[in-house]
Amino acid sequence: MGPQHPSTHGVLRLMVKLDGETVTWCEPDIGYLHRCFEKLSEFKTYPQVIPFTDRTDYLAALLNEQAFVEATEKLFGDAIVVPERALYIRVLVAELQRIASHLMALGSNALDLGAVTPFLYCWRDREKMYSLFERITGGRLLYNYFRIGGLRNDLPEGIIGTPNDGEDKADKTIWGFINYFDSYVWPQWDALVTGNRIFQWRTQGVGVLTPENAVAYSTSGAVIRGSGIKWDLRKNLPYSIYDRFEFDIPVGKNGDCFDRWWVRQEEMRQSSRIVKQALAWLSENPGEVMGKVPRVLKPPKGEVYHRIEGARGEVSCYVISDGSPNPYKVKWRSPAFTHLQVVPHLTPGHKIADVIAILGSIDIVLGEVDR
Amino acid sequence: MAELWNSIPPTIQVWLLGFGKGTLILLWGLVNFFVALMLERKISAWMQNRVGPWRAGLHGWIQPLADLLKLFVKEYIEPRNVDKWLFVVAPFIAYLSANLIWLIVPFAPGAVATNMDIGIIFIAAITGYDVIAIFMSGWGSNNKYSLLGAMRGAAQMISYEVTLVMSIIGVVMMAGSLRLSDIVLAQQERGLFGWFLFPQIIGFVVYLIASLAELNRAPFDLAEAESELVSGYHTEYSGFRWAVFALTEYIHLAGWSAIAATLFLGGWSGPTLGQIASGLGNIINGFGYFTNGVGTAVGDWGLMMMGSTVWNWIFGFMWFCLKTYLFVFLAMWIRWTLPRVRIDQLMDLGWKFLLPVSLGNIFLTSVLRYIALANDGLPLTIGTYTIRLLGWWL
Amino acid sequence: MDFLNEKFPDAQFSNLVNGDMEVLVPKERYEEVIRACYDAGFKYCSVLSAIDWKDRLTLVASLSRINPEEVGTKSIHVKVDLPRQGARIWSISNLYPGANWHERETYDMYGIRFDGHPNHRRILLPDNWQGGHPLLKDFVDKRPKRPRLVRHRYAE
Amino acid sequence: MGVTSFFGEAWRAGKSFITGLNITFREMAFRPAITVFYPDVYDDVPAWFRGIPLQKTDLLTGEYKCTSCGMCVEACPVNVITLEWHQDPVTKKKVADRYAIDMSRCMLCNYCIEACPFDSLVMGYDYELCKVDPENLVFEFEDLLRLGLKYSSAEQAGPKAKKNATPPWVFHELTGATEEDIQDVKGYLGRAPLGKGYAPELKPQFQKKEEAQPAAAPSEAKAPAAPAVTKNTPTQTPPVNANPANVSAEAGPAKPLTAKASETSGQEATEVRPDQIVNTETGTKDGEEDKKS
């Protein structure tokens, strides 16, 4: 199956042995999108690596930037102080990005299961979101917005909006989008796809990952939470300023495709909660968004392993500095790469249609797998 | 004209008629393809907040023509190692089987290509062709996706054929004939809203689901499931051969919708121009209370028009198309809403749910009908009134 | 994390900037340390990679504990120094199935061989790749470079 | 499977299907299409949009702002900027021989703009950069300048303004840009500039002639610089027929310019249209040059 196949989310090749329609053996073959990110980083200065991190997981680019930027800031220690406002804006855009990424995950999963219309709805709402991102950062998909020590620019004027902005302002103000999302998008998804019996037939009891295996296979994000382990690095390893926000972690029960789907769907709502809190803070506290940084960034010698909760799971970044402007080594731990290992474990015994469902439910992005 | 026609020997007459009807049916199939394809694209677009095709023609409504022309001039790619004969012939067999359905569909009073006694059986028979075509294309393509799609398609169509016929039997029992024209007439006799849809609601739902499965349409489009088996049995096709498959799909859709309209919605039956006009005249006359000239004139004209074969045809045809496309719309609506089922769930649904339900429907229909017929002549009491009501109902 | 201190007093301990603990062990005791960590509840292998220090390679395995109640969880980085040429080491992927592909990637990029790995092949690079192990510092890409595009006047 | 669960399942399934059908029907019937008819209608581009890096020109002096310092080349993560320069033996300044951006590899990260110490680079709003030939995606200095004119502005003539600056039409000669190119009448590279952020403040010869016309009327007689200007511009500025406003001022694109080149006309222009601040500035500047000549 693949590399050119409509539902492999990129260029993934799944070698599958079939007995009739039942899968007996499956192995992913990756590397078709390898772009030498880690080698490339060794030749770039620290700021220059940021746009490349966008390109690993292109559906959640801001979260990758967050991982790398915060790792580098940790290397600097106290030498770089990021302004409060920048931290809040980072959380704000990261959570918006998480909603966008989850929307895409749900949409493509629905498409894999044959429902085309939800996918188009996902695009419709994501477009609104991308207009917001475009206004904030200047890019639609690859933003290059975070900087070491702050952000490129403050939020543009009028983007926050007021808490009673409705759907008509969904692509103009963040409040407008969040209200539209809470009142329209989320219930629509819930009724149209999650409540649909065919969808439930297709996903419940398919691709069950037990909690033990979820830990053993190093899964994270929605996959480990779908298996019933309440593990979220935003809570368990509070990076940035996530300890100041109030949100819950949804957990699944059975660890099947439906639970992973449901966790994602719930998480979007929690993200919108965080966004609301951040918006409330931001509309009251203006200020700088860029801290004082030297013109040439030379972190002191040292190494740091920074883990954040990306949209798909644990995005972590292992940066080693030798005191020069270029990182000595950057290791990118991408969740999709790790999650894809589970596919050979989950698929045997299922029908070929379930392979697609499982692949969709662990939500891989091949840009991130191959880096 | 008539003399000229009579001067032709009867054998040749038959041939000429056959050719004429066949050409008309094929043309009608093409018309259906254009309309249904465009409807599909537009309806899906509207459901997804899009506008759909927009450039070709006014708001893109002649897009199918442009597509067909494009597909005509495309290269016919024939992959290596295909079974050439099967590969080439398969789309045309599918096309044939789709068009054959239209042979027995009554378009308007008396307007039917072949008024067969065994209409329903004929339908059941020719759907078998489609299975053969799909399997030929899947096997001939020499492609794993095609083969899987073909196997799925064959399994699905064969198992749903049973259910399909079972769901129709209720209607046949009520009409007492396998001939489609008779079924329409039986519904017309039952008066306004005497369609078999109401008494046979179970049969109708089963028929709807089974025909969707028979048509390989979502949520049962397993044979071409694009996210699993790239494009199923027609993965390897391109150019005009692929276009023939597309043609087949939409003609088939319209054909099954036409059958559904005939069986359950009374086919061409519906108020004709004459009936409307006479009814209008009756209203203007105040149902006889204040007869006036205008009302009488309109009513008389209506009575005159009632005898007009041409107008009855036109109106019958209109009602027929309306009902057919109601079903086409329904199929599209369902397609763009629901996700796809899995093959084992499909089989479960077919054999474990729809078949028992349709058998139960047959049983229910026969029992009620027996009771209703048996008690037809009894004096009017509350009990017998209920039974009489049932008798109308069935 | 004191359990490691007690068990392996000879290993080198240090702390990373973000509070993670780092333990540098000799190659022979790697398996022992990993098993000790595993038994102590560190059942989650976050990442496994290597660093090329030009004179040696350092294998890093980051292990952490999945405990939903624990806030501010710390991970252990087990480090092993290896020679640059022909490095072989015990594979942890039977203990941590999640490290399977990370080990394959480390082999792919640094050339470290893992004994007992269930599927020891290249992963990101093609199986027939002959160009060496790209993340080594002395790796030279011998493939032809894409030429710079040159255009002198606007042609359209 | 018991009878209850049999029919219960059917009921649940039917209910959920009808919910779904209801949603799609409502979407179909009651909500408008969100399609943007792209080649006909362009969506809004926000102020921060990153299209293509372009070179700005100081419209007051007519000089490009780039000093070939090479900061952008250093900052570029993908090395798409080619800069070749030599040192002018007289002025001891760097002169760029070649400055090109290979847009086939540019990833629009904005670092060159941030690195530029002279505010010379700007991210344009043009996003339709498709070319048949990848070699046509190499944008040379002339192209960058020509396209960057839309985003250029006239700087305040402070004490730093050079006295012997190049006359304002020089970049015309350098880039071979016609008014059509600058105003992007043909939609040569994407869309016309937007008002947000970078409002184009253009030299009079690049503004619509309609606006220049009232200033031109009273001072036709005094046009000492007219020959010089016509000498420089005619080949590069053919009569532009695409713009109906230009047809009325067919007397030659140079004439209104020269008319504006006097102090009096500049003042008159402010009287007629007080919002044309740029015009007055440039007018005075040009006037000084007139005096010198």
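Residue numbers (the working numbering), protein chains in the order written: chain L, 3 to 373; chain D, 23 to 416; chain F, 4 to 159; chain E, 8 to 300.
Ideal Cβ positions, reconstructed from N, Cα and C, are used throughout, including at glycine.
Inter-segment contact for the region 110-120 of chain E and the region 87-97 of chain E is present: three or more beta-carbon pairs are separated by less than 8 Å.
Using beta-carbon distances, residue 47/L does not count as an interface residue toward chain D, since no partner is under 8 Å. Residue 18/F carries a strand assignment under DSSP once its states are collapsed to helix, strand and coil.
Below the 9 Å Cβ cutoff, chain E contributes 55 as neighbours of residue 155/L, in chain order. Within the region 144-210 of chain D, complete alpha helix (DSSP H) segments of at least 4 residues are found at 166-197, given in chain order. A direct Cα-Cα distance of roughly 11 Å separates residue 230/L from residue 251/L. For residue 81/D, the closest alpha carbon among the candidates 64/D, 70/D and 93/D is that of 64/D.
For the options 62/L, 143/L and 70/L, the alpha carbon positioned closest to that of residue 51/L is the one of 70/L.
Taking 8 Å as the CB threshold, residue 183/L stays off the interface with chain D. Residue 99/L: member of the alpha helix (DSSP H) spanning 86-114, first to last residue. Distances from the CA of residue 63/L to each of 77/L, 85/L and 141/L were compared; the closest alpha carbon is that of 141/L. Of all residues in the region 92-119 of chain L, only 112, 113, 114, 115, 116, 117, 118 and 119 place a beta-carbon less than 7 Å from a beta-carbon of chain D. In the DSSP assignment, residue 107/D falls outside any beta strand (DSSP E) and lies within the alpha helix (DSSP H) extending over 106-122.
Around the beta carbon of residue 299/D, a 10 Å sphere encloses 16 or more other beta carbons of the protein chains shown; the residue is thus reported as buried.
If you draw a straight line from the Cα of residue 287/D to the Cα of residue 341/D, it is about 10 Å long. Judged by DSSP secondary structure, residue 307/L falls within the beta strand (DSSP E) whose first and last residues are 304-311. Here residue 243/L really is in contact with residue 90/L; their C-beta atoms are around 7 Å apart, less than 8 Å. Here the region 150-167 of chain D lies against the region 99-115 of chain D, with 3 or more beta-carbon pairs under 8 Å apart.
Residue 65/F: member of the beta strand (DSSP E) spanning 60-67, first to last residue. Excluding the 5 residues flanking it on each side, residue 88/D has same chain C-beta neighbours closer than 6 Å at 78, in chain order. Here residue 108/E carries a strand assignment [DSSP, helix/strand/coil]. Taking 8 Å as the threshold, the shortest C-beta distance from residue 239/D to chain L does not fall below it.
About 16 Å separates the beta carbon of residue 155/L from that of residue 56/L, a gap too long to meet the 8 Å contact definition. For residue 368/D, not one C-beta of chain E is nearer than 8 Å to its own C-beta.
Sequence-distant partners of residue 141/D (beyond 5 residues in either direction) whose C-beta falls short of 7 Å from its own C-beta, in its chain, are 126, 200, 201 and 202. For residue 316/L, the enclosing beta strand (DSSP E) begins and ends at 316-323. Counting only runs of 4+ residues, the alpha helix (DSSP H) found wholly inside the region 7-81 of chain L occupies 39-43, 48-56 and 63-78, in chain order. In the DSSP assignment, residue 119/L falls within the unbroken alpha helix (DSSP H) covering 118-139. Contact annotation: residue 302/D and residue 324/D have beta-carbon atoms nearer than 8 Å.
Of the candidates 42/E, 79/E and 17/E, the residue whose Cα lies closest to the Cα of residue 116/E is 79/E. Residue 93/E counts as exposed, since fewer than 16 other beta carbons sit within 10 angstroms of its beta carbon. Cβ-Cβ distances below 8 Å link residue 50/F to 63, 64, 65 and 105 in the same chain, with the five nearest sequence neighbours on each side left out; the list follows chain order.
Note on residue 143/D: under 16 other CB atoms within 10 angstroms of its CB, so exposed under the neighbour-count rule. Membership of residue 80/F in the beta strand (DSSP E) is indicated by the continuous run 78-85. For the pair residue 150/E and residue 45/E, the Cα-to-Cα distance works out to about 25 Å.
The bridge partners DSSP lists for residue 128/E are 62/E.
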